[in-house]
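Protein chains: 2
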Amino acid sequence: MAASTRPLILSILKRGESYGYQIIQDVKQLSGGTLEWSDGMLYPVLHKLQKDGCIESRWVKSEEGRKRKYYSITNIGLQELQTAKDQWSSIHSVLETIWGPAQKWAI
Amino acid sequence: MAASTRPLILSILKRGESYGYQIIQDVKQLSGGTLEWSDGMLYPVLHKLQKDGCIESRWVKSEEGRKRKYYSITNIGLQELQTAKDQWSSIHSVLETIWGPAQKWAI
DNA sequence: TGACTTACATTGAACTTCTATGTATTCTAA
DNA sequence: TTAGAATACATAGAAGTTCAATGTAAGTCA
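Taken in order, these protein sequences are the chains called A and B.
FYI, the working numbering numbers position 44 of the first sequence as 579, with every residue one higher than the one before it.
FYI, the working numbering numbers position 106 of the second sequence as 641, with every residue one higher than the one before it.
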């Protein structure tokens with residue numbers, strides 16, 4: 536899904552810190568199954584976001600003993616998210632002008 | 536504007552055939568000025584769309600004597616547009632779930 | 001006649017996308 | 001106890017996208 540990965544991840548992390556595997560589950564659930572991200576799709580983006588200072592991470596051992604890398608959004612990430620929202624909004628307005636209200640787009 | 540260029544162009548051409556310079560004006564006007572495409576951004580995408588069979592073009596001499604390359608959408612293009620709509624809709628639903636209604640996103 | 005606007009084009013660097021493949025660990029069922 | 005599944009993170013690199021920079025061309029206007 537071009538260009539929506541970072542805003543989506545940042546949005547999910549804005550709700551609260553999360554880890555990779557869970558983020559994939561969330562995206563699948565939130566989209567009713569229409570979006571299915573793979574590991575290979577997600578982790579490079581998480582690494583880039585961290586490199587860019589938009590998120591940060593910490594290792595946590597869960598109750599079951601699993602090690603998980605929890606990610607949380609930073610202030611830089613919140614800024615990028617706002618920028619992404621503005622941009623998405625612009626594009627969405629244009630598309631809605633042309634296409635009509637969103638409810639009519641999909642089947 | 537990643538990943539929205541093709542759907543936007545196809546949408547504009549679905550309304551009626553148009554030429555490059557006009558498409559740039561339309562996008563600027565439709566977005567209230569927030570989107571400003573350049574030649575270098577647009578023409579390679581138009582060429583790719585044509586190469587992909589999504590649009591076709593014809594040269595026209597306007598009344599003023601200017602030569603313009605008019606583009607029009609094809610059936611392949613209509614199909615890609617529908618696919619793009621479905622995809623946009625999916626992502627938009629997810630973002631709306633997280634962000635709340637679109638009206639609240641930008642300033 | 002020069003500046004500006006309109007109009008189309010191309011190159012290539014930088015960036016993005018994401019499959020394929022990998023390692024690791026815990027859980028579950030046989 | 002072992003095999004398979006689920007959970008969990010990671011990386012390389014091919015393929016695709018983005019778009020600034022730069023180019024040519026032609027009509028308009030002062």
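Glycine included, each C-beta is placed from N, C-alpha and C at the ideal position.
Just the C-alpha distance for T540(A) and G567(B), rounded to the nearest angstrom, thanks. 26 Å
Which residues, in chain order, does the region 541-567 of chain A contribute to contact with chain B at a C-beta distance below 9 Å? P542, L543, S546, I547, K549, R550, V562, L565, S566, G567
Limits of the unbroken alpha helix (DSSP H) element including R550(A): 540-550
Is it the case that the region 589-608 of chain A contacts the region 545-557 of chain A, given that we only count it when at least three CB pairs across the two stretches are under 8 Å? yes
What distance in whole Å lies between the Cβ atoms of S546(B) and I633(A), which are believed to be in contact at a cut-off of 8 Å? 4 Å
Determine which residues of the region 610-625 of chain B have a Cβ less than 8 Å from any Cβ of chain A, and write them out in chain order. K620, D621, Q622, W623, S624, S625
Between the alpha carbons of I559(A) and D574(A), how many angstroms are there, rounded? 8 Å
Nearest candidate by alpha-carbon position, reference T569(A), set G600(B), Q622(B), Q557(B), G635(B): Q622(B)
Beta-carbon spacing of V595(B), R603(B) below 7 Å: yes
Along the chain, where does the beta strand (DSSP E) containing S624(B) start, and where does it finish? Note, S624(B): premise wrong, no beta strand (DSSP E); alpha helix (DSSP H) at 610-634.
Run through the region 568-617 of chain A for me and flag every whole alpha helix (DSSP H) of 4 or more residues, listed as ranges in chain order. 574-586
Taking just the CA atoms, how far does E591(B) sit from K620(A)? 34 Å
Would you list the one or two residues that DSSP bridges to Y554(B)? Y605(B)
Have a look at V483(A) and D561(A) and give me their C-alpha separation to the nearest angstrom. Since the first and last residues shown for chain A are 536 and 642, residue 483(A) lies out of range.
Count the other C-beta atoms from every protein chain shown that fall within 10 angstroms of the C-beta of H627(A), then say buried if there are 16 or more, exposed otherwise. buried
Note down the Cα distance separating Q564(B) from L577(B), rounded to an integer number of angstroms. 16 Å
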